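Written out below as structure tokens is the structure these notes cover.
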Amino acid sequence: MAIERTFSIVKPDATKRNITGAINAKLEEAGLRIVAQKRIHMSKEQAEGFYDVHKERPFFGELTEFMSSAPVIVQVLEGENAVAKNREVMGATNPKEADAGTIRKEHALNIGENSVHGSDSLENAKIEINYFFTEEEIVG
Ligand code: CMP
Numbered sequence: 000m001a002i003e004r005t006f007s008i009v010k011p012d013a014t015k016r017n018i019t020g021a022i023n024a025k026l027e028e029a030g031l032r033i034v035a036q037k038r039i040h041m042s043k044e045q046a047e048g049f050y051d052v053h054k055e056r057p058f059f060g061e062l063t064e065f066m067s068s069a070p071v072i073v074q075v076l077e078g079e080n081a082v083a084k085n086r087e088v089m090g091a092t093n094p095k096e097a098d099a100g101t102i103r104k105e106h107a108l109n110i111g112e113n114s115v116h117g118s119d120s121l122e123n124a125k126i127e128i129n130y131f132f133t134e135e136e137i138v139g
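This is how it looks when you write it as structure tokens:
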């Protein structure tokens with residue numbers, strides 16, 4: 000199996016409830032290593048650029064308002080099959096459909112305030128990592 004890097008965001012609903020440590024513990028228990036992370040407050044423009052693929056969706060305004068409403072933690076996660084492993088530990092986008100034991104089942108409030116984001120492919124992981132991090136900031 001290949002060692003991969005994926006991109007993760009701990010979202011505003013989680014930073015506001017002070018549960019970033021609980022989420023990081025879940026990631027680490029799943030075998031993912033946090034090789035970069037920083038707490039930032041995204042601008043609306045930054046959120047719009049990040050979620051550009053969703054700009055035609057009806058929830059785009061709500062999504063970008065939410066993501067720029069409070070601090071987030073942006074992260075680079077490293078490990079075997081990191082992209083798939085992170086999606087597994089996050090659980091389904093809608094917490095009502097998430098499996099027991101996943102981050103979203105345990106912590107997410109609803110489909111919008113769903114505590115975490117994770118890249119959906121290795122290709123997007125590279126793009127998303129580059130959106131927030133320089134190579135020097137990633138220490139594996
Ligand atoms: P994320 O993995 O960050 O990628 C896009 C986000 O859009 C997704 O998680 C959800 O939080 C959000 N999203 C998807 N569907 C809806 C919806 N119907 N209403 C509000 N937000 C949504």
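So for the sequence shown, this note's numbering puts the first residue at 0; every next one is plus one.
Just so you know, even glycine gets a beta-carbon here, dropped at the ideal spot from N, CA and C.
Keep in mind the model is a prediction, meaning the values are calculated, not measured.
ask   = Thinking C-alpha only, which one of Ala-81, Pro-57, Lys-43 is nearest Met-66?
value = Position 67 of the sequence shown holds residue 66. Among Ala-81, Pro-57, Lys-43, the Cα nearest to that of Met-66 belongs to Lys-43.
query = In whole angstroms, what separates the C-alpha of Arg-103 from that of Ile-39?
reply = Position 104 of the sequence shown, counted from the first residue, corresponds to residue 103. Position 40 of the sequence shown, counted from the first residue, corresponds to residue 39. Arg-103 and Ile-39: Cα-Cα distance of roughly 21 Å.
query = From Asn-129 to Asp-98, what does the alpha carbon distance come to, in whole angstroms?
reply = Indexing the sequence shown from 1 puts residue 129 at position 130. Indexing the sequence shown from 1 puts residue 98 at position 99. Spanning the two alpha carbons is a distance of roughly 30 Å.
request  = Could you round the C-beta distance between Val-9 and Ile-110 to whole angstroms and report it? I think they count as a contact, below 8 Å.
outcome  = To locate residue 9, count along the sequence shown from 1; it is residue 10. To locate residue 110, count along the sequence shown from 1; it is residue 111. In fact, because the Cβ distance is near 17 Å, the residues do not count as touching under 8 Å.
task = Tell me His-116's beta-bridge partners as DSSP assigns them.
result = As a position in the sequence shown, residue 116 is number 117, starting the count at 1. Ile-8.
query = How big is the Cα-Cα spacing for Lys-15 and Ala-69?
reply = In the sequence shown, counting from the first residue as 1, residue 15 sits at position 16. In the sequence shown, counting from the first residue as 1, residue 69 sits at position 70. A direct Cα-Cα distance of roughly 7 Å separates Lys-15 from Ala-69.
key: Integer Cβ distance of Ala-35 from Glu-136, believed to fall under 8 Å   = What you label residue 35 is simply residue 36 of the sequence shown in a count that begins at 1. What you label residue 136 is simply residue 137 of the sequence shown in a count that begins at 1. Between Ala-35 and Glu-136 a beta carbon distance of about 5 Å is seen, short of the 8 Å cut, so the two are scored as contacting.
request  = Verify whether the separation of the beta carbon atoms of Gly-117 and Glu-77 is less than 8 Å.
outcome  = By one-based count along the sequence shown, residue 117 stands at place 118. By one-based count along the sequence shown, residue 77 stands at place 78. Cβ distance not < 8 Å, so Gly-117 and Glu-77 don't count as in contact.
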